[in-house]
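In this note's numbering, each residue's number is its place in the sequence shown (first place is 1) plus 85.
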Amino acid sequence: MELARQLVSERTRPRQYLPQGYQKTEIPRDICSTKTLGRLESGRYRGVNLGTVLKLLRFYQTPFERFDHIARLAEASKARDWCSHYASVVEDRGWFYQQCEDSASYMMFHSNSVLPSLIQGPAYYRMLRDTTRIAIEGEFDWEEGQEFRMARRERWIESERPAQLLIGEMALAIELGPEKDAILSDLREIAALPFADIWVIPFSAGRYELQTWTLNLLEYDDGEETVVNVESPRGSGFVPVDSPRGRFFTGAAKLASGMSIPLEDFLQ
């Protein structure tokens with residue numbers, strides 16, 4: 086599914102003179118048929134051909150760093166020990182996830198112990214920075230990270246795309262430190278946006294199915310398949326919404342939503 090989503094994203098990314106990217110019917114037949122492309126982009130095709138993927142990426146004029154990454158994903162999908170190969174090439178929620186999120190027409194997020202990153206404000210990000218006591222491996226630039234988060238949030242606000250956010254009470258019950266007032270003030274401003282629907286799942290609700298999962302649901306227009314991106318102790322990645330596992334997550338999200346209360350009521 087990860088490979089499929091990245092192939093869709095690469096085909097549809099904006100280009101000069103092609104603001105909507107390529108339609109499936111515009112792909113040359115000597116690369117692959119529309120039917121084969123549809124199967125590759127479905128996430129359910131077991132016969133992935135690396136040569137076909139490479140030809141598609143050359144036609145799309147994919148930048149080298151993306152080209153290499155997607156090619157390694159295609160190789161991983163053919164490996165006998167798929168899990169170990171895949172783990173080394175899964176995208177790190179950078180350019181690809183941002184494209185998926187930016188093109189979604191509706192979003193739903195769930196997090197049990199932290200505010201979903203899309204609505205983290207500057208004060209919350211500073212709290213994360215100031216309470217991180219163990220040095221992050223490599224040269225991590227906190228200022229650059231904050232700019233990235235805020236630009237992502239601003240794109241969403243400007244787009245006015247509807248989003249529901251389910252937050253476990255744990256995220257607000259922990260000690261937020263000296264930034265607490267600024268964090269809550271910013272959160273109230275986000276909740277006041279007409280397209281932001283923020284709910285809190287209280288401790289009194291007890292255990293619920295999504296508790297150990299971080300979940301992002303991305304819904305698209307034009308018939309493109311809704312997908313669920315999940316992170317959990319068991320693994321992470323994209324799941325088709327109409328698969329058995331996808332239906333588990335959407336069903337669990339509905340249950341979690343039913344036992345939550347509006348943020349405004351929780352903060353009173």
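Even glycine gets a Cβ: it sits at the ideal position worked out from N, Cα and C.
Contacting residues, own chain, Cβ-Cβ under 8 Å from Thr119 (five flanking each side not counted): Residue mapping note: residue 119 aligns to position 34 of the sequence shown, counting from 1. Here the set comprises Lys109, Thr110 and Ile112.
Checklist entry - What residues in its chain sit with their C-beta under 6 Å from that of Val199, if we drop five residues either side in the sequence? => result One-based indexing of the sequence shown puts residue 199 at position 114. Here the set comprises Ala256.
Determine the direct distance from the alpha carbon of Gly331 to that of Ala159, and round the result to whole angstroms. Within the sequence shown, the letter at position 74 stands for residue 159. Within the sequence shown, the letter at position 246 stands for residue 331. If you take the alpha carbons of Ala159 and Gly331, they lie about 23 Å apart.
Self-check item: Met86 versus Gln353: straight-line alpha-carbon distance, rounded
Solution: As a working mapping, residue 86 is identified with position 1 in the sequence shown. As a working mapping, residue 353 is identified with position 268 in the sequence shown. Answer to the nearest angstrom: the Cα atoms are 42 Å apart.
Helix, strand or coil at Gln183 according to DSSP, with G and I counted as helix = Within the sequence shown, the letter at position 98 stands for residue 183. Note: Gln183 maps to helix in three-state DSSP.
Practice task
Closer than 6 Å by C-beta to Arg96: which residues in its own chain qualify, once you throw out the five before and the five after it? Chain order, please.
Solution key: Looking up residue 96 in the sequence shown gives position 11. Contacts found: Gly106 and Tyr107.
With distances taken from CA atoms, which of Val324, Leu348 and Ser188 is nearest Ser244?
-> Taking the sequence shown and counting its residues from 1, the one referred to as residue 244 is at position 159. Minimum Cα distance to Ser244 is reached at Ser188.
* **Rounded straight-line distance, which links the Cα of Arg273 to that of Gln296** => By 1-based counting over the sequence shown, the position of residue 296 is 211. By 1-based counting over the sequence shown, the position of residue 273 is 188. So the two alpha carbons sit approximately 24 Å from each other.
**Message:** Looking at Pro201: is its Cβ nearer than 7 Å to the Cβ of Glu254?
**Reply:** As a first step, residue 201 must be located in the sequence shown, where it is residue number 116. As a first step, residue 254 must be located in the sequence shown, where it is residue number 169. No, Cβ-Cβ distance for Pro201 and Glu254 is not below 7 Å.
(message) DSSP has Thr299 in a bridge; who is on the other side?
(response) The count along the sequence shown starts at 1 and reaches residue 299 at position 214. Thr299 pairs with Glu316.
Check: What three-state label does DSSP hand Phe194 in the structure shown?
Finding: As a working mapping, residue 194 is identified with position 109 in the sequence shown. DSSP places Phe194 in strand when its eight states are reduced to three.
Next item on the list: Check Phe288 in the structure and name its three-state DSSP category.
Entry: Walking along the sequence shown from the start, residue 288 turns up at place 203. Phe288: helix per DSSP, three-state reduction.
Give the list of continuous alpha helix (DSSP H) stretches no shorter than 4 residues that lie fully inside the segment 199-268. 207-215, 227-244 and 255-258
Closest to Ile283 by CA distance: which of Leu250, Ser345, Leu303 and Ser127 is it? Locating residue 283 in the sequence shown gives position 198, where the first residue counts as 1. Measuring from the Cα of Ile283, the nearest candidate turns out to be Leu250.
So the alpha helix (DSSP H) Glu87 belongs to, where does it begin and stop? Numbered from its first residue, the sequence shown carries residue 87 at position 2. Glu87 -> alpha helix (DSSP H) spans Glu87 to Thr97.
> Which residue or residues does DSSP assign as beta-bridge partners of Asp282?
Replying inline: The sequence position of residue 282 within the sequence shown is 197, counting from 1. Partner(s): Gln249.
Checklist line | Per-residue DSSP class, three states only, for Gly343 | finding: On the sequence shown, position 258 is the one that residue 343 refers to. DSSP places Gly343 in helix when its eight states are reduced to three.
Could you name the residues that DSSP lists as bridge partners for Leu103? In the sequence shown, residue 103 corresponds to position 18, counting from 1. Answer by DSSP bridge pairing, in chain order: Arg100.
| Classification of Cys185 by the beta-carbon crowding that lies within 10 angstroms, buried from 16 upward | Mapped onto the sequence shown, residue 185 falls at position 100. Cys185 should be labelled buried.
Q. Out of curiosity, what's the CA-to-CA distance linking Ser190 and Arg246?
A. For the purposes of this step, residue 190 is taken as the residue at position 105 of the sequence shown. For the purposes of this step, residue 246 is taken as the residue at position 161 of the sequence shown. Looking at the two C-alpha atoms, the distance is approximately 6 Å.
Check your understanding: Candidates Gly230, Asn314, Asp307 and Leu213: which alpha carbon is nearest Phe194's?
Key -> Here the question's residue 194 lines up with position 109 in the sequence shown. Ranking Gly230, Asn314, Asp307 and Leu213 by Cα distance to Phe194 puts Asn314 first.
> When you compare each of Gly343, Pro318, Val312 and Arg211 to Met192 by their alpha carbons, which one comes out closest?
Replying inline: Along the sequence shown, read from residue 1 onward, the residue named residue 192 stands at position 107. The residue with the shortest Cα to Cα distance from Met192 is Val312.
### Query
Based on Cα-Cα distance, which residue from Arg240, Arg214 and Ala220 lies nearest to Gln231?
Locating residue 231 in the sequence shown gives position 146, counting from the first residue. The shortest Cα separation from Gln231 among Arg240, Arg214 and Ala220 belongs to Arg214.
Can you give me the C-alpha to C-alpha distance between Gln62 and Tyr130, rounded to a whole angstrom?
For the chain, the structure presents residues 86 to 353; residue 62 sits outside this window and is missing.
(Q) Measuring alpha carbon to alpha carbon, tell me which residue in Ala337, Ala156 and Leu303 is nearest Trp322. (A) Locating residue 322 in the sequence shown gives position 237, where the first residue counts as 1. Here the sequence assigns Gly to residue 322, which means Trp is not the residue at that position. Considering only alpha carbons, the answer is Leu303.
If you compare alpha carbons, which of Asp226, Asn197 and Asp115 is closest to Ile259? Your numbering for residue 259 matches position 174 in the sequence shown. Of the candidates Asp226, Asn197 and Asp115, the one whose C-alpha sits nearest the C-alpha of Ile259 is Asn197.
Enclosing alpha helix (DSSP H) for Arg143 [first to last residue]: By 1-based counting over the sequence shown, the position of residue 143 is 58. Where Arg143 is concerned, the enclosing alpha helix (DSSP H) stretches over Leu135 to Phe144.
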